[in-house]
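In order, the protein sequence lines correspond to chains A and B.
Positions 2 to 557 (my numbering) are the ones given, in order, by the first sequence.
Positions 67 to 504 (my numbering) are the ones given, in order, by the second sequence.
Cβ atoms here follow ideal geometry from the backbone N, Cα and C, with glycine treated the same way.
Bear in mind that the values here come from a model prediction, so they are computed numbers and not experimental data.
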Amino acid sequence: MLGYICKYAPVEVFEAMGVQMERIEPDVTNFNQAEIRMHPNICSFAKGVLEAVMDGAYEGVILTTCCDSIRRLYDVLREEFPDKFIYMLDTPRITKDAGITLYEQRIRAMIREYEEFSGKSFDEEKFCGYLKEIEEGQQYAVKENAVNIGIIGARANDSIKKILAERGANIAFDLTCTGLGRKILADEKNVMAGYARGLLSQFPCMRMEQAANRDELIRRCAGSVDGIIYHTVQFCDNYAYEYAWLKDWLDRPMLLLETDYTRQSGGQVRTRIEAFLEALTPETRRPDIQRKGDGTMYVMGIDSGSTSTNAVIMDQDRKIKAFSVVRTGAKSGVSADRVLHEVLEKAGLAREDISWIVSTGYGRVSIEFADENVTEISCHGKGAHYFNPKIRTILDIGGQDSKAIRLNENGEVKDFVMNDKCAAGTGRFLEMIARTLEVSLDELGAIALTSKEKIEITSMCSVFAESEVISLIASNKEKADIADGVCHAIANKASGLLRRVGLEPDFMMTGGVAKNPGVVRAVEEKIGAKLYICNEPEIVGATGAAVYALEKYRSR
Amino acid sequence: MWLADKYIDHVKEQTAAHPGESWDQMLLGFKLNKLRTKLLPKKGISKGYQKLEAMMMSFVADSLGRPDSYVWGNIFSPCEIIGCFGLSTLSIECLSCYFSGYHLEDFFIDYAQNTGIAPTLCSYHKTFVGAIDSGAVPVPEYAVTTSLSCDGNLNTFRYLEKKKGVPFTFLDVPYRDDEPSVDYLVEQLKEFAAELERRCGKAFDEEKLREAIRIENETRRELMRFFRLQSERYYPGELISHLYMMMGMHLLIGTQEFLDLIRFMIKDIENYPKFDGKKILWIHLLPFYQETLQSYFNSNRKYQIIASDIIMDSMEEMDAAKPFHALAKKIIRNLYNGSYSHKAEMVGHLADTLRPDAVIQFCHWGCKQSSGGSLLLKEKMQDMGIPMLILDGDGIDRRNSHDGQIKTRLEAFLEMLESGEDGETEKEEAAHREQKIC
Numbered sequence: 002m003l004g005y006i007c008k009y010a011p012v013e014v015f016e017a018m019g020v021q022m023e024r025i026e027p028d029v030t031n032f033n034q035a036e037i038r039m040h041p042n043i044c045s046f047a048k049g050v051l052e053a054v055m056d057g058a059y060e061g062v063i064l065t066t067c068c069d070s071i072r073r074l075y076d077v078l079r080e081e082f083p084d085k086f087i088y089m090l091d092t093p094r095i096t097k098d099a100g101i102t103l104y105e106q107r108i109r110a111m112i113r114e115y116e117e118f119s120g121k122s123f124d125e126e127k128f129c130g131y132l133k134e135i136e137e138g139q140q141y142a143v144k145e146n147a148v149n150i151g152i153i154g155a156r157a158n159d160s161i162k163k164i165l166a167e168r169g170a171n172i173a174f175d176l177t178c179t180g181l182g183r184k185i186l187a188d189e190k191n192v193m194a195g196y197a198r199g200l201l202s203q204f205p206c207m208r209m210e211q212a213a214n215r216d217e218l219i220r221r222c223a224g225s226v227d228g229i230i231y232h233t234v235q236f237c238d239n240y241a242y243e244y245a246w247l248k249d250w251l252d253r254p255m256l257l258l259e260t261d262y263t264r265q266s267g268g269q270v271r272t273r274i275e276a277f278l279e280a281l282t283p284e285t286r287r288p289d290i291q292r293k294g295d296g297t298m299y300v301m302g303i304d305s306g307s308t309s310t311n312a313v314i315m316d317q318d319r320k321i322k323a324f325s326v327v328r329t330g331a332k333s334g335v336s337a338d339r340v341l342h343e344v345l346e347k348a349g350l351a352r353e354d355i356s357w358i359v360s361t362g363y364g365r366v367s368i369e370f371a372d373e374n375v376t377e378i379s380c381h382g383k384g385a386h387y388f389n390p391k392i393r394t395i396l397d398i399g400g401q402d403s404k405a406i407r408l409n410e411n412g413e414v415k416d417f418v419m420n421d422k423c424a425a426g427t428g429r430f431l432e433m434i435a436r437t438l439e440v441s442l443d444e445l446g447a448i449a450l451t452s453k454e455k456i457e458i459t460s461m462c463s464v465f466a467e468s469e470v471i472s473l474i475a476s477n478k479e480k481a482d483i484a485d486g487v488c489h490a491i492a493n494k495a496s497g498l499l500r501r502v503g504l505e506p507d508f509m510m511t512g513g514v515a516k517n518p519g520v521v522r523a524v525e526e527k528i529g530a531k532l533y534i535c536n537e538p539e540i541v542g543a544t545g546a547a548v549y550a551l552e553k554y555r556s557r
Numbered sequence: 067m068w069l070a071d072k073y074i075d076h077v078k079e080q081t082a083a084h085p086g087e088s089w090d091q092m093l094l095g096f097k098l099n100k101l102r103t104k105l106l107p108k109k110g111i112s113k114g115y116q117k118l119e120a121m122m123m124s125f126v127a128d129s130l131g132r133p134d135s136y137v138w139g140n141i142f143s144p145c146e147i148i149g150c151f152g153l154s155t156l157s158i159e160c161l162s163c164y165f166s167g168y169h170l171e172d173f174f175i176d177y178a179q180n181t182g183i184a185p186t187l188c189s190y191h192k193t194f195v196g197a198i199d200s201g202a203v204p205v206p207e208y209a210v211t212t213s214l215s216c217d218g219n220l221n222t223f224r225y226l227e228k229k230k231g232v233p234f235t236f237l238d239v240p241y242r243d244d245e246p247s248v249d250y251l252v253e254q255l256k257e258f259a260a261e262l263e264r265r266c267g268k269a270f271d272e273e274k275l276r277e278a279i280r281i282e283n284e285t286r287r288e289l290m291r292f293f294r295l296q297s298e299r300y301y302p303g304e305l306i307s308h309l310y311m312m313m314g315m316h317l318l319i320g321t322q323e324f325l326d327l328i329r330f331m332i333k334d335i336e337n338y339p340k341f342d343g344k345k346i347l348w349i350h351l352l353p354f355y356q357e358t359l360q361s362y363f364n365s366n367r368k369y370q371i372i373a374s375d376i377i378m379d380s381m382e383e384m385d386a387a388k389p390f391h392a393l394a395k396k397i398i399r400n401l402y403n404g405s406y407s408h409k410a411e412m413v414g415h416l417a418d419t420l421r422p423d424a425v426i427q428f429c430h431w432g433c434k435q436s437s438g439g440s441l442l443l444k445e446k447m448q449d450m451g452i453p454m455l456i457l458d459g460d461g462i463d464r465r466n467s468h469d470g471q472i473k474t475r476l477e478a479f480l481e482m483l484e485s486g487e488d489g490e491t492e493k494e495e496a497a498h499r500e501q502k503i504c
């Protein structure tokens, strides 16, 4: 069996020789092998392929010169497996005649080398017959009565499609290189040239010269769907250019989704996709069951975050009856039980008095007593709108991620971006720095306000920033100035996120970090506008969840 | 210098506040710096490197001052053909470095990232995209890029064509080194010359190209001679001097002016004392701003960078009788093209000729084609008995280079080199340790 990765790979040539071909779709838990043999800053897909080949039973791999990372993957595989058929097929980026001629020559040279390697022989007539028998691959189509989603960008693995299917969304098109049917030309007079022409005339990927033609097809396809998922792979930079270009003119909601081909990122991918679908279909969800209250009707929102678990009880008139905030322990379910107990006690209610419970946050799926779950992105939108309907842009900095969310006048999410790849710009980062400075988290923000000297923390990585802070301490800098520098570092990250969703006023900041006056001031300076902060910024998500619960109950 | 710093800060602030309104000030700064490098050259570096800096400042300031006198290119664009039309090639990588002279790289990089450009992209490309997309820097009429040596080229030029309307010619450099590849690229180069004819309204003079190639051959021979001398004599320069040299070898190669400069340096180096410190062969980019590296390699009698692969990335004689073929072969056989074993072989050749004490590779953030093979090169160097250090950082964005980490790695490596003199066994042990920590 030979592995391959690219849609331009001449798979049929080998199949006609009786070789089993398998497209390598890495599904790995770590990059242990890749970390040893390649540099960490290589595209995650390439690292995943390396892991898969190290584990797999391939007699060889057909690679194409599709990108820098794959070129280096080839070098590493050649070195690791000198006895396997590791082949780099030089694939032209130009699809005019000169490119086709060159590609035909390259394919022929590859066949000769494989014949030598395997002892098999290639028969052009048989190949032509094989091509004629190939049927067109699966085609996607728009479905009525469903949310129609199009996928564009870099190769996407099946996990995205699975999540979409679970949520009842229809994939109307998939223009990534793993989603398109192959284009096979069977030209009897000139079999190999025709075949090369067919391969090169597939919907161009970003490495091809004529990729500019993508715009037209994307424009046409996008018109038929409700939203688009634009997929990129971590450390593959080619498709981000197209995203940056499309978002200027493409008239459809678009989610930028970066994945890294490991299973670890599954939870984050799910949150993003679900929030996107929720934003596309705010009114389609209906409740199935409700419980009765004793006169007044109460609902509950519960937000299970990485740092705190928060609950809000709301009555039918949208008034908050009680709320509670507890620290999230090792098990989110236990903290949820605790906060449930606490908030019920504060409200003087029993569990049976609550008609509907909506959970949100990273731990939302682990809360067994919730009636349904909604992503924290949608809930923050609702919550922000509840506290101040003028809010159009939210900055939420939580324990393990930060997000910027743009809302419309009804509090519905129109766009959002998230940073959850690293600790930089999150609450955890502040905790780390506070520890290093030997002050409490509360003090950190307060002392930042007393800063006299401007210090710039340049490192973007939290680990580097921590050692930068240690160096500053070593050079006797004032704690207040360092704290202020750290607040500004967070503000820089935050302003980048805010800009990406459009910087539309009014602004609100939510999450635990909104209680830090140093960060708040730094963000306000950076964006040149005031941030609205409600009394309890930690409960905005839970409040939003409660509003969801109320709307659900009312829509019965 | 105080005044210069004030001016830099002023331009930075102006640009960040109103991109597009400060270009005249940026340009004026480049022109003033050109004068400064001529009248008051940097102290503490050799005359040759002073002249090199002045030449590169003039080249950029003069070109930018006359918008119809240059085209954008990347560092591997065939400046020899462009030169036949009296045009300069301003590479986007070098321009990014010049913009960072105003410490604007962070503003431009953030600008690009905020529009959706990948944070993991090469910082040179991000700086350039941000500079143009923000409107801070005006655009020329035309551009050219090769697919060599990274994916960013085609994508950056295509993005700017769409966003800013700068048309460009794309030269697809095949991976394999064989005749069909050469023919494929020759046709593209000829079409490129024809396109320039159309755009400039000037006929292409092939004899001019032949002459450029003759000068280029001579320049490369002379430069190799200079490198040999530089491995014997202390010739003070700075990290940035090597970047200027790389610029010259890619954007001014084939000009008499640049050949004359190399010849001057060969003469000038004879006036300098013998070098008996550690000779370093540098691989890939140099983070010219990085304090620790500056302290060890700027005019240091103990450690001298004697050559770099980014300067000498093509090594063979070109056939002036067939200029397009010669150029195509040069580009295809460039050490950044093809497999990493090809690169390792060429670096090995450089090492054989120059006998460095050590090799340092700087893995620039976002550069997959270079970083991805660094471990393979290290193995090759170990086979040759040359210790190699891999440093991670960013050639232009200070925020991605951590001084503490670079300092620890570098100093441990240099200690290892020093202790290697005491005994071979120790050297091997240290190399083994080094392999683990680097």
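1. Quick one: using the 10 Å Cβ neighbour count with 16 as the cut-off for buried, is A/G267 buried or exposed?
2. For A/N311, which residues does DSSP report across the bridge?
3. Checking the sheet assignment: what are the DSSP bridge partners for A/M255?
4. Nearest-angstrom Cα distance between B/L101 and B/I147?
5. B/Y208 to A/R500, Cα distance in whole Å?
6. Whose C-alpha, out of A/M55, A/L247, A/V14, is nearest the C-alpha of A/Q34?
7. For the 8 Å Cβ check, are there 3 or more pairs between the stretch 76-88 of chain B and the stretch 389-408 of chain A?
8. If we ignore side chains and look at the alpha-carbon of each, how far apart do B/R224 and A/L78 end up?
9. Indicate whether A/I483 and A/I456 have their beta-carbon atoms separated by less than 8 Å.
10. Answer with buried or exposed for B/W68, where buried requires no fewer than 16 other C-beta atoms within 10 angstroms of its C-beta.
11. Using only alpha-carbon positions, find the residue among A/L90, A/F277, A/M315, A/A546 that is nearest to A/V418.
12. Check for me: the beta strand (DSSP E) holding B/H430 runs from which residue to which?
13. Is the Cβ of A/C380 closer than 8 Å to any Cβ of chain B?
14. Per the DSSP calculation, A/W357 is bridged to which residue(s)?
15. Strictly by DSSP, which residues pair up with A/M509?
16. Can you give me the C-alpha to C-alpha distance between A/H381 and A/A543, rounded to a whole angstrom?
17. May I ask you to list, following chain order, the residues of the stretch 403-424 of chain B that have a beta carbon less than 8 Å from some beta carbon of chain A?
18. B/S374 by DSSP, collapsed to three states: which one?
19. For B/I472 and A/K383, what's the separation of their Cα atoms in angstroms?
20. At the level of alpha carbons, what is the spacing between A/A490 and A/S472?
21. Where does A/F277 sit, in a helix, a strand or coil, going by DSSP?
22. Check this for me: beta carbons of A/V226 and A/N149, under 8 Å apart or not?
23. Can you find the residues in the same chain that come closer than 8 Å, C-beta to C-beta, to B/L420, ignoring five residues on each side of it along the sequence?
24. Alpha carbon to alpha carbon, how far is A/R522 from A/K453?
25. Taking the alpha helix (DSSP H) that A/K383 belongs to, which residues open and close that run?
26. What residue from B/F236, B/S166, B/D134 has the CA that sits closest to B/P206's CA?
27. Does A/F118 have its Cβ less than 8 Å from a Cβ in chain B?
28. Thinking C-alpha only, which one of A/K121, A/T92, A/G306 is nearest A/P1?
29. Which two residues bound the contiguous alpha helix (DSSP H) that contains B/E481?
30. Taking C-alpha atoms, which residue in A/Q235, A/V366, A/Y240 lies nearest to A/M209?
31. According to a CB-to-CB cut-off of less than 9 Å, which residues of the stretch 469-485 of chain B neighbour chain A?
32. What separation, rounded to the nearest whole angstrom, lies between the Cα atoms of A/W246 and B/C433?
33. So, at 6 Å on beta carbons, what are the nonlocal neighbours of B/Y115 in its own chain, with the 5 sequence-adjacent residues on each side left out?
34. Please classify B/A269: is it buried, with 16 or more other beta-carbons within 10 angstroms of its beta-carbon, or exposed?
35. Output, in sequence order along the chain, the residues in the stretch 193-224 of chain B whose CB is closer than 9 Å to any CB in chain A.
36. Got a sec: is the Cβ-Cβ distance from A/G40 to anything in chain B below 8 Å?
In brief:
1. Working through the first sequence from its first residue, we reach residue 267 of chain A at position 266. By the 10 Å Cβ count, A/G267 comes out exposed.
2. In the first sequence, the residue the question calls residue 311 of chain A occupies position 310. Paired residue(s): A/D304, A/V326.
3. Locating residue 255 of chain A in the first sequence gives position 254, counting from the first residue. Per DSSP, A/I229.
4. Against the second sequence, residue 101 of chain B aligns to sequence position 35. Against the second sequence, residue 147 of chain B aligns to sequence position 81. Cα to Cα, the separation comes out at about 29 Å.
5. Position 142 of the second sequence, counted from the start, is the residue given in the question as residue 208 of chain B. Position 499 of the first sequence, counted from the start, is the residue given in the question as residue 500 of chain A. Approximately 31 Å between the Cα atoms of the pair.
6. Here the question's residue 34 of chain A lines up with position 33 in the first sequence. Selected option, being the one with the closest Cα: A/M55.
7. no
8. Position 158 of the second sequence, counted from the start, is the residue given in the question as residue 224 of chain B. Position 77 of the first sequence, counted from the start, is the residue given in the question as residue 78 of chain A. Roughly 32 Å separates the two Cα atoms.
9. What you label residue 483 of chain A is simply residue 482 of the first sequence in a count that begins at 1. What you label residue 456 of chain A is simply residue 455 of the first sequence in a count that begins at 1. Against a cut-off of 8 Å, the Cβ pair of A/I456 and A/I483 comes out as a contact.
10. As a working mapping, residue 68 of chain B is identified with position 2 in the second sequence. That one is exposed.
11. Translated into positions along the first sequence, residue 418 of chain A becomes position 417. Among A/L90, A/F277, A/M315, A/A546, the Cα nearest to that of A/V418 is on A/F277.
12. One-based indexing of the second sequence puts residue 430 of chain B at position 364. Looking at the DSSP string, the run of the beta strand (DSSP E) that includes B/H430 is 424-430.
13. Residue 380 of chain A sits at position 379 when you count from the first residue of the first sequence. Chain B, which has no Cβ nearer than 8 Å to the Cβ of A/C380, makes this no.
14. Counting from 1 along the first sequence, the entry for residue 357 of chain A is found at position 356. Beta-bridge pairing links A/W357 to A/V300.
15. As a working note, residue 509 of chain A is residue 508 in the first sequence. Beta-bridge pairing links A/M509 to A/I395, A/Y533.
16. Your numbering for residue 381 of chain A matches position 380 in the first sequence. Your numbering for residue 543 of chain A matches position 542 in the first sequence. Answer to the nearest angstrom: the Cα atoms are 8 Å apart.
17. S405, Y406, S407
18. Start at 1 with the first residue of the second sequence, and residue 374 of chain B comes out as number 308. If DSSP states are grouped into helix, strand and coil, B/S374 belongs with the strands.
19. Locating residue 472 of chain B in the second sequence gives position 406, counting from the first residue. Locating residue 383 of chain A in the first sequence gives position 382, counting from the first residue. One C-alpha to the other measures close to 47 Å.
20. Numbered from its first residue, the first sequence carries residue 490 of chain A at position 489. Numbered from its first residue, the first sequence carries residue 472 of chain A at position 471. C-alpha separation (whole angstroms): 16 Å.
21. Here the question's residue 277 of chain A lines up with position 276 in the first sequence. If DSSP states are grouped into helix, strand and coil, A/F277 belongs with the helices.
22. Within the first sequence, numbered from 1, the residue matching residue 226 of chain A stands at position 225. Within the first sequence, numbered from 1, the residue matching residue 149 of chain A stands at position 148. Closer than 8 Å, so yes.
23. Taking the second sequence and counting its residues from 1, the one referred to as residue 420 of chain B is at position 354. Counting only Cβ-Cβ distances below 8 Å, and skipping sequence neighbours, we find F293, R294, S297, K345, L347, I372, A373.
24. Stepping through the first sequence from its first residue, residue 522 of chain A is reached at position 521. Stepping through the first sequence from its first residue, residue 453 of chain A is reached at position 452. If I take the Cα positions, the gap works out to 15 Å.
25. Here residue 383 of chain A corresponds to residue number 382 of the first sequence, with the count starting at 1. Here the alpha helix (DSSP H) through A/K383 covers 377-388.
26. Locating residue 206 of chain B in the second sequence gives position 140, where the first residue counts as 1. Selected option, being the one with the closest Cα: B/D134.
27. If you number the first sequence from 1, residue 118 of chain A lands on position 117. Chain B, which has no Cβ nearer than 8 Å to the Cβ of A/F118, makes this no.
28. Any property of residue 1 of chain A remains undetermined from this structure, which presents chain A solely from 2 to 557.
29. The sequence position of residue 481 of chain B within the second sequence is 415, counting from 1. From DSSP, the alpha helix (DSSP H) with B/E481 extends over 469-486.
30. On the first sequence, residue 209 of chain A is found 208 positions in, with the first residue counted as 1. Of A/Q235, A/V366, A/Y240, the residue nearest in Cα terms is A/Y240.
31. D469, G470, Q471
32. The residue given as residue 246 of chain A occupies position 245 in the first sequence. The residue given as residue 433 of chain B occupies position 367 in the second sequence. Straight-line Cα distance between these residues: approximately 22 Å.
33. Start at 1 with the first residue of the second sequence, and residue 115 of chain B comes out as number 49. For B/Y115, where only same-chain residues beyond five positions count, the Cβ hits under 6 Å are G303, S307.
34. On the second sequence, residue 269 of chain B is found 203 positions in, with the first residue counted as 1. Exposed is the call here.
35. V195, D199, S213, S215, C216, D217, G218, L220, N221, T222, R224
36. For the purposes of this step, residue 40 of chain A is taken as the residue at position 39 of the first sequence. Here residue 40 of chain A is His; the residue named in the question, Gly, does not match the sequence. Interface residue, yes.
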